[in-house]
Amino acid sequence: GENVEQHPSTLSVQEGDSAVIKCTYSDSASNYFPWYKQELGKGPQLIIDIRSNVGEKKDQRIAVTLNKTAKHFSLHITETQPEDSAVYFCAATGDSNYQLIWGAGTKLIIKP
Amino acid sequence: SAVISQKPSRDICQRGTSLTIQCQVDSQVTMMFWYRQQPGQSLTLIATANQGSEATYESGFVIDKFPISRPNLTFSTLTVSNLSPEDSSIYLCSVGYAPGTDTQYFGPGTRLTVL
Numbered sequence: 338g339e340n341v342e343q344h345p346s347t348l349s350v351q352e353g354d355s356a357v358i359k360c361t362y363s364d365s366a367s368n369y370f371p372w373y374k375q376e377l378g379k380g381p382q383l384i385i386d387i388r389s390n391v392g393e394k395k396d397q398r399i400a401v402t403l404n405k406t407a408k409h410f411s412l413h414i415t416e417t418q419p420e421d422s423a424v425y426f427c428a429a430t431g432d433s434n435y436q437l438i439w440g441a442g443t444k445l446i447i448k449p
Numbered sequence: 248s249a250v251i252s253q254k255p256s257r258d259i260c261q262r263g264t265s266l267t268i269q270c271q272v273d274s275q276v277t278m279m280f281w282y283r284q285q286p287g288q289s290l291t292l293i294a295t296a297n298q299g300s301e302a303t304y305e306s307g308f309v310i311d312k313f314p315i316s317r318p319n320l321t322f323s324t325l326t327v328s329n330l331s332p333e334d335s336s337i338y339l340c341s342v343g344y345a346p347g348t349d350t351q352y353f354g355p356g357t358r359l360t361v362l
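Listed below in structure tokens is the structure:
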């Protein structure tokens, strides 16, 4: 079955700098890759997603890139702000149409 | 996206009792899911809640421990039965809007502590 690895587990960056979180997946049949942001005490919030027919997608300060050959996808956050501090999860579709396989999460800390 | 609410937001329960968690969506959705998130961990899918039929459980989760109901397209409940301290987790409801869609949106979660 699908396996998703996420790195790093913790990322600390200076405010204003960029942050990159990387995930690798094992199943070449996976075709949907969402990213979620989870703030303390809240449910995960979908922030961006990408499908396998697209290599890159941007939404203001957030972008996701996908390398199908290498089976990895990355979240890029530019000009980081204190409100970006949270845990970020990547996921990839599993064996069924609706199943998501989740990464372990990355705690992003923005230093003032 | 729709507004998803969960009740209760948190609870403290005694060992051996049960807790029922409600998930309410303000518009009809096709798919509803229940997840468990243990402290500091990632999300684990418990089951898919099917309207009008038995839920589909993932490996390691059984109906006797996690009975699920879904009477209509906007509401579902998850019961965690015969509670033990190992059940202390956040329980999350998520929804998907259309058949074949893989995008999921999450409720705020229910934080359960078992003493």
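Chains as they are written, first to last, in the numbering used here: chain A, 338 to 449; chain B, 248 to 362. Glycine included, each C-beta is placed from N, C-alpha and C at the ideal position.
Residue i (DSSP reduced to helix, strand or coil)
i: aspartate 258 of chain B; result: strand
i: proline 345 of chain A; result: coil
i: proline 371 of chain A; result: strand
Paired residues, beta bridge with residue i - DSSP
i: isoleucine 399 of chain A; result: A:Asp396, A:Ile414
i: proline 276 of chain B; result: Inspection of the sequence shows that residue 276 of chain B is occupied by valine rather than by proline. Paired residue(s): none; valine 276 of chain B is not in a bridge.
i: serine 341 of chain B; result: B:Phe280, B:Phe353
i: isoleucine 384 of chain A; result: Looking at the DSSP assignment, isoleucine 384 of chain A forms no beta bridge with any residue, so it has no partner.
i: serine 336 of chain B; result: B:Leu359
i: phenylalanine 308 of chain B; result: DSSP lists no partner for phenylalanine 308 of chain B.
i: glutamine 271 of chain B; result: B:Ser252, B:Phe322
i: leucine 292 of chain B; result: B:Tyr282
Any non-hydrogen atom of the ligand MG within 7 angstroms of residue i CB
i: threonine 360 of chain B; result: The ligand content of the structure shown is nil, which means the ligand MG is not present either.
Identity of the residue in the options nearest residue i by Cα
i: methionine 278 of chain B; options: B:Asn319, B:Ser265, B:Arg257; result: B:Asn319
i: alanine 428 of chain A; options: A:Tyr369, A:Val350, A:Asp354; result: A:Tyr369
i: leucine 412 of chain A; options: A:Glu420, A:Gln418, A:Lys394; result: A:Lys394
i: glycine 431 of chain A; options: B:Gln275, B:Thr350, B:Leu339, B:Gly307; result: B:Thr350
Distance CB(residue i)-CB(residue j) smaller than 8 angstroms
i: isoleucine 337 of chain B; j: glutamine 261 of chain B; result: no
i: arginine 398 of chain A; j: threonine 415 of chain A; result: yes
i: serine 367 of chain A; j: asparagine 340 of chain A; result: no
i: phenylalanine 410 of chain A; j: serine 289 of chain B; result: no
i: serine 355 of chain A; j: isoleucine 446 of chain A; result: no
i: valine 309 of chain B; j: serine 335 of chain B; result: no
is_contact[residue i, chain D] using C-beta, thresh 8 angstroms
i: proline 355 of chain B; result: Considering every chain present, this structure includes no chain D. Its protein chains are A and B.
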